[in-house]
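The structure appears right after this line, and notes come after that.
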C-alpha cells in the first residue's frame, strides 16, 4: 500500500503546485490588469483635458463668429469700421462651415440658414456678371447704422469664380451632413444647381479650373478647393437630389446627368493635379499654370505665399491622404521651414496674416504639439480682441482645427477603451 500512499501524496503535492501556480498567474494577471486600468484611466483623463481645452476655444470662436453676422445674414470679412463692413463670400462660407462644427451644445443653424439665404439671393445672372457667367457672386460693401444694414453696395467683381462656388458647395454639404435637412436643399435646388454649374464651368479642357473668365490662371490652391467642391456636389446629388423620394420628379434625370458630368470632371481634375502640378523631381507642387498653360515659376520654400503654404492645400482638401509619404514629407518640410506654431511666418514678415489654416493642416496630420502650441498662442495674444489682421475666416479655421483635434482625442480614447469600461471622475 505504500506505493499507493506515495502516489496520492505526489498527486496532492502536484495539485497543490498547480493551484499555487494558478493563484500566482491570476495574481500577476490581476496586477497587470489593474495597472493597465489605471494607465488607461490616466490617459483618458489626459485626453479629456485636451478635448475640454479645444471645446473651450472652439466655442469661444463660434460665439464671436455668430456675433459678427449682420442683420441681413451676411458674415463680414472683419468687424465693421465706421459703419462699413466688407463681404467676401469665400471667407463668409468658411465662417458658416465653422458654425456647423459640432463642438458645442449651442445651435447656430439659424445663423447659417440666414447666411445661405443671403448668398443665394445675391447670385448673379449672366446679365449681371461682368463675364456673362450665371451663378457667380460679387463681393459687397455694407453700410450699417445702429446695428442694422441700411445699404448693400456691390463691388462689381470677385476674387475668383472657381473657389467662391466650391466653398459654398462645401457649406451646403456640411449643412446636410449635420442636419439631414433635405427640404432646404430641395427648395433652393435651382440656385444650387446654378452654383454647381458655375464651378464645373471653370474647369478647362486639361481638367484644371481657372480662377475666372478674364483671368484664366490655374492655381493649385483653387484646384484643391474645386476638387473638394466636386466631391461634395456629387454627395449632395446622391443623397438629396437622387434619393428614392426624388425618383418620380421631373428633375431626377437632370440631376443624374449632372452627377455623371461631375464624376468625369472629378476624375480628370484629380489626375491632372498630379500630372500637371506635381513636380516629382523636386518633390513639391507647382504654384499653377499661367494663361498660356505654362508652369508659374516656383520662387522657393522661403517664399511663404503662395509657394510654400500651397504645399499644404492638398492635405487640407484631402487630395493627399495623411497616410501618404508625400503628405508627410510636404508637411514636415513646411514645418521645418517655418516656425508657424509660434507665428514665425508672421513675426518674420513672411506673411501679412496669421494663417490658422496651418493649424488645421497640423490637425489633419495629427500633430498634437504644434497644433496645441499654435492654439495657445492664438488664445493668449489674439482671441480676446480679434484685432486686425485677425478676420472672420481666421476664427473659422480655429474652430475647425479645434473640432479636428477633439475628434482626434475621441478616437484615441476609443482605441484604448473601446467598450467604455474604464471610468474617470467625469464619466
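In the numbering used here, the protein residues as written are 7 to 433. Even for Gly, the Cβ is constructed at its ideal location relative to N, Cα and C.
- Here residue 117 has 72, 75, 105 as same chain residues with Cβ atoms under 7 angstroms from its own Cβ, once five neighbours each way along the sequence are excluded.
- With fewer than three CB-CB distances shorter than 8 angstroms, the segment 187-196 does not count as touching the segment 208-215.
- In this structure, the CA atom of residue 170 is about 9 angstroms from the CA atom of residue 201.
- Annotation: the segment 97-175 contains the following complete segments of the beta strand (DSSP E) (minimum length 3 residues), in chain order: 146-151, 154-160.
- Pairing residue 363 with residue 301 gives a Cβ-Cβ distance that is not under 8 angstroms.
- The alpha-carbon of residue 354 is positioned some 15 angstroms away from that of residue 314.
- With contacts defined as CB atoms closer than 8 angstroms, residue 115 and residue 185 qualify as a contacting pair.
- Distances from the CA of residue 92 to each of 63, 408, 157 were compared; the closest alpha carbon is that of 157.
- The Cβ atoms of residue 357 and residue 304 do not sit closer than 8 angstroms to each other.
- In the displayed model, residue 214 falls within coil according to three-state DSSP, outside both helix and strand.
- Beta-bridge analysis with DSSP links residue 91 to 148.
- Around the CB of residue 161, fewer than 16 other CB atoms lie within 10 Å, so the residue is classed as exposed.
- Annotation for residue 416: the continuous alpha helix (DSSP H) segment containing it runs 398-422.
- Using a 10 angstroms sphere on the CB of residue 67, the tally of other CB atoms reaches 16 or more, which defines it as buried.
- Take residue 269, set aside five residues on each side of it, and the residues of its chain with a beta-carbon closer than 8 angstroms to its own are 240, in chain order.
- The alpha-carbon of residue 289 is positioned some 8 angstroms away from that of residue 332.
- Beta-bridge pairing by DSSP links residue 291 to 284.
- Beta bridge pairing from DSSP links residue 224 with 295.
- When only Cα atoms are considered, residue 284 and residue 48 end up about 44 angstroms apart.
- Across the structure, residue 383 and residue 100 are spaced so that their CA atoms are roughly 22 angstroms apart.
- Assigned with DSSP and collapsed to three states, residue 328 falls in coil, not helix or strand.
- Here residue 302 carries a coil assignment [DSSP, helix/strand/coil].
- Each of 394, 422, 178, 416 was checked against the Cα of residue 83, and the nearest Cα belongs to 394.
- By the Cβ neighbour-count rule, residue 429 is exposed, with fewer than 16 other Cβ atoms within 10 Å of its own.
- Between residue 291 and residue 316, the C-beta gap is smaller than 8 angstroms, which places the two residues in contact.
- If you check the CB distance, residue 273 and residue 325 do not come in under 8 angstroms.
- Apart from sequence neighbours up to five positions away, the residues of its chain that approach residue 238 with a beta-carbon distance below 6 angstroms are 175, 176, 179, ordered along the chain.
- Of the residues 94, 221, 411, 21, the one whose Cα lies closest to the Cα of residue 368 is 411.
- Rounded to the nearest angstrom, the Cβ distance from residue 404 to residue 81 is 15 angstroms, too far for a contact under 8 angstroms.
- When 136, 59, 88 are compared, the shortest CA-CA separation from residue 149 is found for 88.
- In this structure, the CA atom of residue 254 is about 25 angstroms from the CA atom of residue 236.
- Residue 97 sits buried, since 16 or more C-beta atoms from the chains shown fall within 10 Å of its C-beta.
- Annotation for residue 197: 126, 129 place their beta carbon closer than 7 angstroms to its own, counting only its chain and skipping 5 residues before and after.
- The Cβ-Cβ distance between residue 396 and residue 388 falls below 8 angstroms.
- Taking the CA atoms as reference points, residue 29 sits about 16 angstroms from residue 40.
- Linking residue 70 to residue 280 through their CA atoms gives a straight-line distance of about 39 angstroms.
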